[in-house]
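Presented below is the structure to which this report refers.
Numbering (this note's numbering), first residue to last: 1 to 352.
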């Protein structure tokens, strides 16, 4: 009950007690507009992933998944689509035999006889709600979607663990040790954030070729482990940990690794959670680097595998939309699980 009361109090809170200010209205417009800007494309992709292939490109588009009704008509080998036709000021359902320009040949599906020519601008298709579950089942059974998913999970999970370990060690050294050139090293690491990815992509690929990791998932993982963003985020948060706490542990004869593992890492959990979210998003959505490194279909990650549904002359949008929407589920779960650490972790990086 208290949670509901606090939620109602939060949503009804105004700048001035008892009256609504212009800033309250602008704030709500901004928040509602931002929410819709994020939610509407996801909702549209989800609803479109349930549409039959022919309905995705229909104009004008519809939000709900609908499909044209077809019916077996005596005297015709294939099922004919049903249309609402107005003949002699009477609207009835008729089956389309063929369409030539602005004219369509229609017959009565119950009593087929001589086709009637009607203007296509005066007819509308008979549709009904249809959920195309094959958009999800076909990639899971006929294609290698599960292999792509397994590879993406492996790359994301391993790369995130290595990113947290490597960046945490670097941040611990730069925040809690004093040595000649420590500030210069930190500035050098941060300055690499200004280098475009395309500049380092070719040298990184040559290194991967040299060590024999081409067409290997480890070739996708290793070059992305060290992140200047991660070092900066964790170092700034570790600066908030009192040095006296570490000195006390050293007095108790704790090793440097024990101090790092038992004291620093638990206190840095919010920042680690934020970096974990960032890392999962980076690795899960990465397309260009896996596309360059991987060449075998059995090694494709999910984003590269989705590209396989796009041919030279046709694009299987129904499969792409379905698998794209399905690929949002793991990232969403990670975000929901770690979201409570985001504010604490990011706010802590600005404190000293």
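Positions of the beta carbon are idealized from the N, C-alpha and C atoms, including for glycine.
Keep in mind that this is a model prediction, so the values were computed, not measured.
Bounding residues of the beta strand (DSSP E) (the contiguous stretch that carries residue 86): In the chain shown, counting from the first residue as 1, residue 86 sits at position 86. 80-87 is the span of the beta strand (DSSP E), which, as asked, contains residue 86.
Beta bridge counterpart(s) of residue 119 as assigned by DSSP: For the purposes of this step, residue 119 is taken as residue 119 along the chain shown, with counting starting at 1. According to DSSP, which records beta bridges pairwise, residue 119 is partnered with 103.
Opposing strand residues paired with residue 67 [DSSP bridges]: For the purposes of this step, residue 67 is identified with residue 67 of the chain shown, where counting begins at 1. The partner list for residue 67 (beta bridge, DSSP) reads 128.
Alpha-carbon spacing of residue 76 relative to residue 99, whole angstroms: Here residue 76 refers to the residue found at position 76 of the chain shown. Here residue 99 refers to the residue found at position 99 of the chain shown. Taking the straight line joining both Cα atoms gives about 15 Å.
Coil, strand or helix - residue 310 by DSSP: For the purposes of this step, residue 310 is taken as residue 310 along the chain shown, with counting starting at 1. In this structure, residue 310 counts as strand in the three-state DSSP scheme.
contact_flag[the segment 115-128, the segment 147-164] where n(CB pairs < 8 Å) is 3 or more: no
Distance between residue 72 and residue 78 (C-alpha atoms, nearest Å): As a working mapping, residue 78 is identified with position 78 in the chain shown. As a working mapping, residue 72 is identified with position 72 in the chain shown. Looking at the two C-alpha atoms, the distance is approximately 7 Å.
Residue 325 and residue 54 closer than 7 Å at C-beta: For the purposes of this step, residue 325 is taken as residue 325 along the chain shown, with counting starting at 1. For the purposes of this step, residue 54 is taken as residue 54 along the chain shown, with counting starting at 1. Result no, Cβ atoms of residue 325 and residue 54 do not sit closer than 7 Å.
For residue 226, the three-state DSSP class (helix, strand or coil): Taking the first residue of the chain shown as position 1, residue 226 is located at position 226. Residue 226 falls in the coil class under three-state DSSP.
Per DSSP, the bridge partner or partners of residue 92: To locate residue 92, count along the chain shown from 1; it is residue 92. Paired residues: 85.
Ranges of the alpha helix (DSSP H) found wholly within the segment 245-325, counting only runs of at least 4: 256-259, 269-285, 288-293, 302-306
Of the listed residues 123, 259, 332, nearest to residue 245 (C-alpha basis): Position 245 of the chain shown, counted from the start, is the residue given in the question as residue 245. Of the listed residues, the one whose Cα sits closest to residue 245 is 259.
Residues bridged to residue 368 (per DSSP): With the chain represented from 1 up to 352, any question about residue 368 goes unanswered, as that position is not in the structure.
N- and C-terminal bounds of the alpha helix (DSSP H) containing residue 212: Position 212 of the chain shown, counting from 1, holds the residue named residue 212. No alpha helix (DSSP H) holds residue 212; DSSP gives it neither H nor E.
Alpha carbon of residue 289 to alpha carbon of residue 322, nearest angstrom: The residue you call residue 289 lines up with position 289 of the chain shown. The residue you call residue 322 lines up with position 322 of the chain shown. Approximately 24 Å between the Cα atoms of the pair.
8 Å contact criterion, which residue 66 and residue 133 should meet: CB distance rounded: Stepping through the chain shown from its first residue, residue 66 is reached at position 66. Stepping through the chain shown from its first residue, residue 133 is reached at position 133. Contact doesn't hold; Cβ gap of about 15 Å is too wide.
Per-residue DSSP class, three states only, for residue 97: Counting from 1 along the chain shown, the entry for residue 97 is found at position 97. In the structure shown, residue 97 sits in a strand (DSSP, three-state: E or B).
Alpha helix (DSSP H) segments (min. 4 residues) lying fully within the segment 136-218: 145-176, 182-191, 197-210
Endpoints, alpha helix (DSSP H) assigned at residue 114: As a working mapping, residue 114 is identified with position 114 in the chain shown. Where residue 114 is concerned, there is no enclosing alpha helix (DSSP H), given that its DSSP letter is neither H nor E.
Short Cβ contact (7 Å threshold) for residue 238 with residue 184: Here residue 238 refers to the residue found at position 238 of the chain shown. Here residue 184 refers to the residue found at position 184 of the chain shown. No; because the gap between Cβ atoms is not below 7 Å, this pair is not in contact.
Whole-angstrom distance between residue 306 and residue 177, CA atom to CA atom: The residue labelled residue 177 in the question sits at position 177 within the chain shown. The residue labelled residue 306 in the question sits at position 306 within the chain shown. Answer to the nearest angstrom: the Cα atoms are 46 Å apart.
Own chain, CB closer than 7 Å to residue 143, minus 5 neighbours either side, in chain order: Position 143 of the chain shown, counting from 1, holds the residue named residue 143. Cβ neighbours of residue 143 beyond the five flanking positions: none.
Contact check, residue 93 vs residue 40, beta carbons under 7 Å: Working through the chain shown from its first residue, we reach residue 93 at position 93. Working through the chain shown from its first residue, we reach residue 40 at position 40. Contact flag unset, no.
Burial state of residue 145 (16 or more Cβ within 10 Å): In the chain shown, residue 145 corresponds to position 145, counting from 1. Buried: at least 16 other Cβ atoms inside 10 Å.
Residues of its chain near residue 230, where Cβ-Cβ distance is below 7 Å and the 5 sequence neighbours each way are ignored: Reading the chain shown from its first residue, position 230 is the one you call residue 230. Closer than 7 Å at the Cβ level, and outside the excluded window around residue 230, lie 163, 167, 275.
Simplified DSSP state of residue 243, which is helix, strand or coil: Taking the first residue of the chain shown as position 1, residue 243 is located at position 243. Here residue 243 sits in helix by DSSP.
Endpoints, alpha helix (DSSP H) assigned at residue 354: A query on residue 354 cannot be resolved here, the shown segment of the chain reaching from 1 to 352 and no further.
Touching by the beta-carbon criterion (3+ pairs, under 8 Å), the segment 189-203 and the segment 251-271: no
Presumed contact (8 Å Cβ cut-off) between residue 217 and residue 285, rounded CB distance: As a first step, residue 217 is located in the chain shown; it is residue number 217 there, counting from the start. As a first step, residue 285 is located in the chain shown; it is residue number 285 there, counting from the start. With 8 Å as the limit, residue 217 and residue 285 do not qualify as a contact, their Cβ atoms being about 16 Å apart.
Through-space distance from residue 42 to residue 141, alpha-carbon basis: On the chain shown, residue 141 is found 141 positions in, with the first residue counted as 1. On the chain shown, residue 42 is found 42 positions in, with the first residue counted as 1. Computed Cα separation, rounded: 25 Å.
Length of the line joining the Cα atoms of residue 219 and residue 203: Along the chain shown, one-based indexing puts residue 219 at 219. Along the chain shown, one-based indexing puts residue 203 at 203. Taking the straight line joining both Cα atoms gives about 13 Å.
Nonlocal neighbours in the same chain, by C-beta distance under 7 Å from residue 124, ignoring five residues either side: Reading the chain shown from its first residue, position 124 is the one you call residue 124. These residues qualify, in order along the chain: 83, 84.
Three-state secondary structure assigned by DSSP to residue 39: Mapped onto the chain shown, residue 39 falls at position 39. Here residue 39 sits in helix by DSSP.
Reduced DSSP secondary structure (H/G/I, E/B, other) of residue 59: What you label residue 59 is simply residue 59 of the chain shown in a count that begins at 1. If DSSP states are grouped into helix, strand and coil, residue 59 belongs with coil.
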